[in-house]
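Residue 52 in numbering that gives the first Met the number 0 sits at position 53 of the sequence shown, and the numbers go up by one each step. Quick notes on the structure that follows.
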Amino acid sequence: MGDEGKVRLGISSCLLGNDVRYNGGHLNDSFLTGTISKYVEWVAVCPEVEMGMGVPRETIQLQGKSASPRLIATKTGVDHTEGMRSFAEARVAELGGANLDGFVLTKDSPSCGLMRVKVHRKEGGPPSRDGIGAFAWVLTTRMPDLPVEENGRLTDPRLRENFVDRIFVRRRWRAMLHDSPTPRGLVSFHTAHKLTFMAHSIPYYREAGRIVAHVGSRPWDELVAEYARVMREALTFLATPSKHTNVMHHLMGYLKKAIDGGDKQELLGLIEEYRQERVPLVVPLTLLKHHLRKHDLPAWVHQQAYLSPYPEELMLRNHV
Ligand code: SF4
Numbered sequence: 000m001g002d003e004g005k006v007r008l009g010i011s012s013c014l015l016g017n018d019v020r021y022n023g024g025h026l027n028d029s030f031l032t033g034t035i036s037k038y039v040e041w042v043a044v045c046p047e048v049e050m051g052m053g054v055p056r057e058t059i060q061l062q063g064k065s066a067s068p069r070l071i072a073t074k075t076g077v078d079h080t081e082g083m084r085s086f087a088e089a090r091v092a093e094l095g096g097a098n099l100d101g102f103v104l105t106k107d108s109p110s111c112g113l114m115r116v117k118v119h120r121k122e123g124g125p126p127s128r129d130g131i132g133a134f135a136w137v138l139t140t141r142m143p144d145l146p147v148e149e150n151g152r153l154t155d156p157r158l159r160e161n162f163v164d165r166i167f168v169r170r171r172w173r174a175m176l177h178d179s180p181t182p183r184g185l186v187s188f189h190t191a192h193k194l195t196f197m198a199h200s201i202p203y204y205r206e207a208g209r210i211v212a213h214v215g216s217r218p219w220d221e222l223v224a225e226y227a228r229v230m231r232e233a234l235t236f237l238a239t240p241s242k243h244t245n246v247m248h249h250l251m252g253y254l255k256k257a258i259d260g261g262d263k264q265e266l267l268g269l270i271e272e273y274r275q276e277r278v279p280l281v282v283p284l285t286l287l288k289h290h291l292r293k294h295d296l297p298a299w300v301h302q303q304a305y306l307s308p309y310p311e312e313l314m315l316r317n318h319v
């Protein structure tokens, strides 16, 4: 698969610190260019520069109806709608073959913004805040399965963790399809992600289980497509403290006979502290992992991606 272990992310180029903005500046995002960049192979895109608008350039904005705005240069009134549309269609088609695990877009941009982008009225007055950037629209419409976020939302610790979780799951999914695209590969992928599903959505966890139960008796392509859809939808549900609590209690069930009453009370106490959002997830989980490591449990318990979903160095489970 190339660049083993790294996730492959598309990104609005200015977020990497590239001087591609209308004013020759950038919007370097310290989270994205920090620790996580060691684990990411970036595919940078600046739609405005790549379609030939140059740097520096006149600013542009969305104008008209929110459902079908035009992309207009603010001083000269030049209409870039069709130019951006045909550029974006071609670029996104190319990105479809680039094995991306996700995409990070720049908030508020009339080209790259994912949500709540300003749409101006021709007649003036306050803009509405319900647009999507012209490039972002094509990207999300043509690649609906791709995990996509914008840099503004990634400052929220829970949304950040959820996005990183999704891109690493997708990375492992791609690896399975590449290295072991067989019923056995799918079963082992599913087995390793049972608790990941549980942490996001119990109904989807059950649905995924039902799909895998038919492996071998349904056409492979159909089965894989359905599993991928269920997985994508499951992971859009945030893993909340009560869902994590449920998963940790589930894991504790395997330790029932292995740990004594004191250890059990200590663990339950920390899980409750976490559920009440007084300590971060990493606190009960570290102790739980310590006990799991020490005991001879079924192999599938140790194989859970949930226990180590992405590099620990990212410290995404350290927030309250
Ligand atoms: S927001 Fe998008 S179009 Fe604007 S500078 Fe950044 S990458 Fe380029």
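All C-beta atoms, glycine included, are put in the ideal place defined by N, C-alpha and C. From a predicted model like this one, the values you see are computed outputs, not experimental measurements.
For residue i, three-class secondary structure by DSSP
i	result
R316	coil
G1	Below a pLDDT of 50, predicted positions are generally treated as unreliable, and G1, at 47, falls in that range; the measurement from the model is reported next regardless. G1: coil per DSSP, three-state reduction.
L254	coil
D28	coil
Q302	coil
Q275	coil
S241	helix
S263	One point to set straight first is that residue 263 is Lys, not Ser, in the sequence displayed. In this structure, K263 counts as helix in the three-state DSSP scheme.
V282	helix
D18	coil
V77	coil
E93	helix
Minimum C-alpha distance to residue i - residue among the options
i	options	result
E57	T73, S65 and A43	T73
A257	S179, A227, A224 and L296	L296
S127	L291, M114 and F134	M114
V229	T105, H189 and L254	H189
F30	L15, R171 and L254	L15
S36	K255, V163 and N98	V163
N150	V44, I270, I10 and E206	I10
K117	G130, G123, K106 and G124	G130
Q275	T239, W299, K263 and V300	T239
V48	L61, V39 and H25	H25
P68	A191, F167, A133 and M142	A133
D107	A135, L94, G96 and E93	A135
The ligand SF4 heavy atom lying under 7 Å from the CB of residue i
i	result
V211	no
R170	no
E47	yes
V147	no
S110	yes
S11	yes
V19	yes
T32	no
T80	no
T105	yes
Expected contact under 8 Å - CB spacing of residue i and residue j to nearest Å
i	j	result
L250	L280	The Cβ separation is near 13 Å, so there is no contact.
E312	T34	6 Å
D262	H290	7 Å
L109	L70	Checking the sequence shown, residue 109 turns out to be Pro, not Leu. Indeed, because the Cβ distance is near 6 Å, the residues count as touching under 8 Å.
H321	A198	Residue coverage of the chain in this structure runs from 0 to 319, which leaves residue 321 outside it and unanswerable.
A207	Y226	6 Å
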